[in-house]
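This report refers to the structure that appears directly beneath it.
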Amino acid sequence: MPTTVNIAQDSTREIDLGNSTGMRIAAPVAQASVHVDYQHPAGSGNYSSAIKGSAGYGNPFTVLAGGTKNVLKSDLESEHVRVGARNANITVTY
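Just so we're aligned: 43 in numbering that gives the first Met the number 0 is position 44 of the sequence shown, and the numbers increase by one with no gaps anywhere.
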(Lines of atoms letter the chains of each structure in order from A and count residues from 1; the text may use other names and numbers.)
(Lines give C-alpha, C1' and ligand atoms only; values in the text may rest on other atoms or scores of the structure.)
Protein backbone atom coordinates (compact mmCIF):
# COMPACT_ATOMS: atom_id res chain seq x y z
CA MET A 1 0.00 0.00 0.00
CA PRO A 2 1.49 3.38 -0.97
CA THR A 3 2.48 5.97 1.61
CA THR A 4 1.59 9.64 1.13
CA VAL A 5 3.30 12.45 3.04
CA ASN A 6 2.76 16.20 2.97
CA ILE A 7 5.72 18.54 2.81
CA ALA A 8 5.10 22.17 3.70
CA GLN A 9 6.52 25.06 1.72
CA ASP A 10 10.19 25.71 2.62
CA SER A 11 10.45 22.35 4.42
CA THR A 12 12.12 19.00 3.76
CA ARG A 13 11.35 15.41 4.66
CA GLU A 14 13.48 12.27 4.71
CA ILE A 15 11.96 9.48 2.61
CA ASP A 16 13.05 5.84 2.37
CA LEU A 17 11.72 4.46 -0.90
CA GLY A 18 12.34 0.86 0.20
CA ASN A 19 10.48 -1.48 -2.17
CA SER A 20 8.76 1.37 -4.01
CA THR A 21 9.61 1.91 -7.69
CA GLY A 22 9.68 5.68 -7.16
CA MET A 23 7.57 8.59 -6.02
CA ARG A 24 4.80 10.77 -7.39
CA ILE A 25 5.14 14.42 -6.36
CA ALA A 26 2.06 16.64 -6.58
CA ALA A 27 1.60 20.39 -6.13
CA PRO A 28 -2.15 20.58 -5.50
CA VAL A 29 -2.55 24.34 -5.06
CA ALA A 30 0.40 26.32 -6.46
CA GLN A 31 3.55 25.83 -8.53
CA ALA A 32 6.37 24.34 -6.46
CA SER A 33 10.11 24.09 -6.88
CA VAL A 34 11.13 20.63 -5.65
CA HIS A 35 14.59 19.30 -4.82
CA VAL A 36 15.63 15.72 -4.10
CA ASP A 37 18.97 15.09 -2.41
CA TYR A 38 20.76 12.47 -0.34
CA GLN A 39 23.57 12.24 2.21
CA HIS A 40 26.84 11.62 0.41
CA PRO A 41 28.71 9.85 1.83
CA ALA A 42 25.98 8.20 3.91
CA GLY A 43 25.81 9.52 7.47
CA SER A 44 28.10 12.47 6.72
CA GLY A 45 25.48 15.21 7.01
CA ASN A 46 26.58 16.48 3.58
CA TYR A 47 23.86 16.47 0.91
CA SER A 48 24.20 16.17 -2.87
CA SER A 49 21.66 16.00 -5.67
CA ALA A 50 20.02 12.57 -5.70
CA ILE A 51 18.91 12.86 -9.32
CA LYS A 52 21.27 11.16 -11.76
CA GLY A 53 22.46 13.17 -14.75
CA SER A 54 21.04 10.46 -16.99
CA ALA A 55 17.50 11.07 -15.64
CA GLY A 56 16.93 13.83 -18.19
CA TYR A 57 15.74 16.54 -15.79
CA GLY A 58 17.41 18.86 -13.34
CA ASN A 59 17.37 19.38 -9.61
CA PRO A 60 15.47 21.37 -8.50
CA PHE A 61 12.55 20.84 -10.88
CA THR A 62 9.16 22.54 -11.14
CA VAL A 63 5.79 20.93 -10.50
CA LEU A 64 3.00 23.10 -11.90
CA ALA A 65 -0.07 23.96 -9.84
CA GLY A 66 -2.43 20.99 -9.99
CA GLY A 67 0.27 18.89 -11.64
CA THR A 68 2.45 15.92 -10.77
CA LYS A 69 5.96 14.66 -11.47
CA ASN A 70 6.95 11.00 -11.33
CA VAL A 71 10.47 10.35 -10.08
CA LEU A 72 11.63 6.79 -10.70
CA LYS A 73 13.90 5.10 -8.17
CA SER A 74 16.20 4.24 -11.09
CA ASP A 75 16.65 8.03 -11.63
CA LEU A 76 18.08 8.40 -8.12
CA GLU A 77 21.53 7.88 -6.61
CA SER A 78 19.99 6.42 -3.42
CA GLU A 79 16.67 5.06 -2.15
CA HIS A 80 17.16 7.14 1.02
CA VAL A 81 16.43 10.72 -0.05
CA ARG A 82 15.42 14.10 1.31
CA VAL A 83 12.64 15.89 -0.59
CA GLY A 84 12.10 19.62 -0.20
CA ALA A 85 9.58 22.15 -1.46
CA ARG A 86 9.81 25.86 -2.18
CA ASN A 87 7.00 28.26 -3.12
CA ALA A 88 4.18 25.79 -2.28
CA ASN A 89 3.19 22.71 -0.29
CA ILE A 90 3.58 19.33 -1.99
CA THR A 91 2.44 15.75 -1.45
CA VAL A 92 4.70 12.77 -2.11
CA THR A 93 3.31 9.29 -2.69
CA TYR A 94 5.70 6.34 -2.77
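Quick reminder that beta carbons are idealized off the backbone N, C-alpha and C, glycines included.
Starting from residue i, trace the beta strand (DSSP E) both ways and give me its first and last residue.
i	result
LYS68	66 to 71
ASP74	It is not in any beta strand (DSSP E) - ASP74 carries neither H nor E in the DSSP assignment.
TYR37	31 to 38
TYR46	46 to 48
Buried or exposed: which applies to residue i, given that a residue is buried once 16 or more other Cβ atoms fall within 10 Å of its Cβ?
i	result
LEU63	exposed
TYR56	exposed
GLY83	buried
ALA49	buried
MET22	buried
Assuming residue i and residue j make a contact with CB atoms under 8 Å, what is their CB distance in whole Å?
i	j	result
THR20	LYS72	6 Å
ASN86	ALA29	7 Å
ASN88	ASN5	6 Å
Report yes if the C-beta distance between residue i and residue j is below 9 Å; otherwise report no.
i	j	result
PRO59	HIS34	yes
Distance check for residue j and residue i, CA to CA, integer angstroms please.
i	j	result
GLU13	ALA26	18 Å
THR92	VAL80	13 Å
GLY44	ASP74	22 Å
TYR37	TYR46	5 Å
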